[in-house]
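Undergrad: A single structure is presented below for examination.
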Amino acid sequence: MRIKLKLIVLFVFVSVLNANCQSSRVVTEDNTETKTKKKKKKKKKFKLPEIDLTHWKVTTPAGDGKKPQEVSPPEIMDYATNEALKPYMYNDSTRGAIVFYAFPSKATTANTKYSRSELREQMVSGENNVNWTFKEGGYMKGKLAIDDISKDSKGKYHRVIIMQIHGRLTNEQRDLIGEKDNNAPPMLKIYWDKGKIRVKTKVLKNLNATPEQMLHEDAWGDDEGFNFEQEVGFRKFTLEVEVSDGKMVVILNKNEFKVYDNIHMKKWGIFENYFKAGNYLQTRDEGAFAKVRYYDLEVKH
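Numbering-wise, the sequence shown is residues 3 to 303 according to the numbering used here.
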């Protein structure tokens with residue numbers, strides 16, 4: 003009888019122990035499976051930007067101190083492997099964007115004291131002499147974000163121009179007024195200014211000026227500027243610029259519109275133009291810098 007009782011107790015003990023082991027094994031397997039799933043989720047997906055650079059050249063802060071670095075098509079297409087260009091224009095492959103980096107350097111373009119890592123539209127690849135008028139029209143759309151930017155001595159973020167429409171004299175206009183280059187004022191400057199988007203345009207000082215007088219840069223002044231209500235901060239946002247004969251529309255995130263339909267836009271029709279996009283840092287403060295991410299950029303005419 004005692005032997006039978008001992009056997010029964012032993013059987014129950016072994017059964018309980020076996021059940022506990024199986025339970026422990028199931029929990030362990032479940033934990034392993036959960037950890038594996040978490041690891042898979044943590045793996046970053048790599049995505050390269052799909053911006054067509056066929057009709058863009060870039061200017062950067064690099065250079066010999068007299069003239070900044072410029073890279074045009076087709077060389078710009080290899081920006082990701084161009085050792086001289088990589089510090090200023092490179093891929094953020096986790097976000098699928100091109101990053102434009104700028105800081106105050108000695109290499110600046112003519113007619114400015116600021117440095118830039120900025121794209122300049124070329125309607126014909128590698129050629130600056132073919133541009134467009136407001137009558138011919140144009141459209142630019144960009145999806146972008148401020149990656150990082152320095153602050154001034156008062157703790158306020160520096161400003162950076164992220165899009166432009168720049169005027170240009172034809173060779174005939176340049177020679178007519180005796181200028182040394184084809185530079186004309188920028189009709190449109192779009193700023194990232196302390197987390198908000200600010201727009202500046204040009205106005206003709208004397209509405210009775212002759213066509214020849216209008217070609218001079220000092221014939222044009224700045225308007226008061228316009229701030230969009232939405233604060234974009236460091237988030238991704240979309241900007242669109244639509245140009246037609248005597249009219250310009252700037253659109254933020256498809257829900258805020260600023261329309262310019264006035265005599266100044268009509269008078270501006272005398273100039274040729276080209277789009278610009280990127281990072282044009284508006285300071286020469288020591289240690290200043292800016293990084294601008296472009297996810298998408300397209301132009302139509």
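Glycine residues also receive a C-beta, built at the ideal position from the N, C-alpha and C atoms. Keep in mind the model is a prediction, meaning the values are calculated, not measured.
Sorted by chain position, which residues of the same chain lie with C-beta nearer than 6 angstroms to GLY248's C-beta, five sequence neighbours on each side aside?
TA: Position 246 of the sequence shown, counting from 1, holds the residue named residue 248. Closer than 6 angstroms at the Cβ level, and outside the excluded window around GLY248, lie MET267, LYS268.
Undergrad: In angstroms, rounded to a whole number, what distance separates the CA positions of ASN131 and LEU206?
TA: Numbered from its first residue, the sequence shown carries residue 131 at position 129. Numbered from its first residue, the sequence shown carries residue 206 at position 204. One C-alpha to the other measures close to 25 angstroms.
Undergrad: Do you know offhand how far SER26's Cα is from GLU300's?
TA: In the sequence shown, the residue the question calls residue 26 occupies position 24. In the sequence shown, the residue the question calls residue 300 occupies position 298. The predicted position of SER26 is uncertain, since its pLDDT is 47 and thus under 50; a value taken from the coordinates is nonetheless stated next. For SER26 and GLU300, the distance between alpha carbons rounds to 58 angstroms.
Undergrad: Under 8 angstroms between C-beta atoms, does TYR282 make it to chain B?
TA: Absence of chain B from the displayed structure is noted, only one protein chain being present.
Undergrad: Please list, in chain order, all residues of the same chain as LYS145 whose beta carbon is under 6 angstroms from its beta carbon, the five residues on each side excluded.
TA: Reading the sequence shown from its first residue, position 143 is the one you call residue 145. So the qualifying residues of the chain are THR240, TYR297, ASP298.
Undergrad: Can you give me the Cβ contacts of LYS196 inside the same chain, cut-off strictly under 8 angstroms, excluding the 5 residues immediately before and after it?
TA: Against the sequence shown, residue 196 aligns to sequence position 194. Once the five neighbours on either side are set aside, the close Cβ partners of LYS196 are LYS158, TYR159, ARG161.
Undergrad: Just how far apart, CA to CA, sit LEU283 and GLN232?
TA: Position 281 of the sequence shown, counted from the start, is the residue given in the question as residue 283. Position 230 of the sequence shown, counted from the start, is the residue given in the question as residue 232. Those two C-alpha atoms are separated by around 22 angstroms.
Undergrad: What's the C-alpha gap between ASP263 and LYS156?
TA: As a working mapping, residue 263 is identified with position 261 in the sequence shown. As a working mapping, residue 156 is identified with position 154 in the sequence shown. Spanning the two alpha carbons is a distance of roughly 38 angstroms.
Undergrad: Are three or more beta carbon pairs between the region 162-173 and the region 277-295 nearer than 8 angstroms?
TA: Contact between the region 162-173 and the region 277-295 is present, because at least three Cβ pairs lie under 8 angstroms.
Undergrad: So, at 8 angstroms on beta carbons, what are the nonlocal neighbours of ASP66 in its own chain, with the 5 sequence-adjacent residues on each side left out?
TA: Numbered from its first residue, the sequence shown carries residue 66 at position 64. Only ALA109 meet the Cβ criterion.
Undergrad: Per DSSP, what are the beta-bridge partners of SER119 in this structure?
TA: Position 117 of the sequence shown, counted from the first residue, corresponds to residue 119. Per DSSP, ASN281.
Undergrad: Per DSSP, what kind of secondary structure is ASN210 in: helix, strand or coil?
TA: To locate residue 210, count along the sequence shown from 1; it is residue 208. Coil.
Undergrad: What's the call for GLU226, buried or exposed, on a 16-neighbour Cβ count within 10 Å?
TA: For the purposes of this step, residue 226 is taken as residue 224 along the sequence shown, with counting starting at 1. When all chains shown are included, GLU226 counts as exposed.
Undergrad: Is it buried or exposed for GLY235, if we count other Cβ within 10 angstroms and need 16 for buried?
TA: In the sequence shown, counting from the first residue as 1, residue 235 sits at position 233. Flag for GLY235 reads exposed.
Undergrad: Keeping to the same chain, check which residues put their C-beta closer than 8 angstroms to that of LEU209; ignore five residues upstream and five downstream.
TA: Taking the first residue of the sequence shown as 1, we reach residue 209 at position 207. Excluding sequence neighbours, LEU209 sits near ILE265, LYS269.
Undergrad: Quick test of your reading: PRO70 and THR61, contact by CB under 8 angstroms. State the CB separation rounded to the nearest angstrom.
TA: Counting from 1 along the sequence shown, the entry for residue 70 is found at position 68. Counting from 1 along the sequence shown, the entry for residue 61 is found at position 59. The Cβ separation is near 5 angstroms, so the contact holds.
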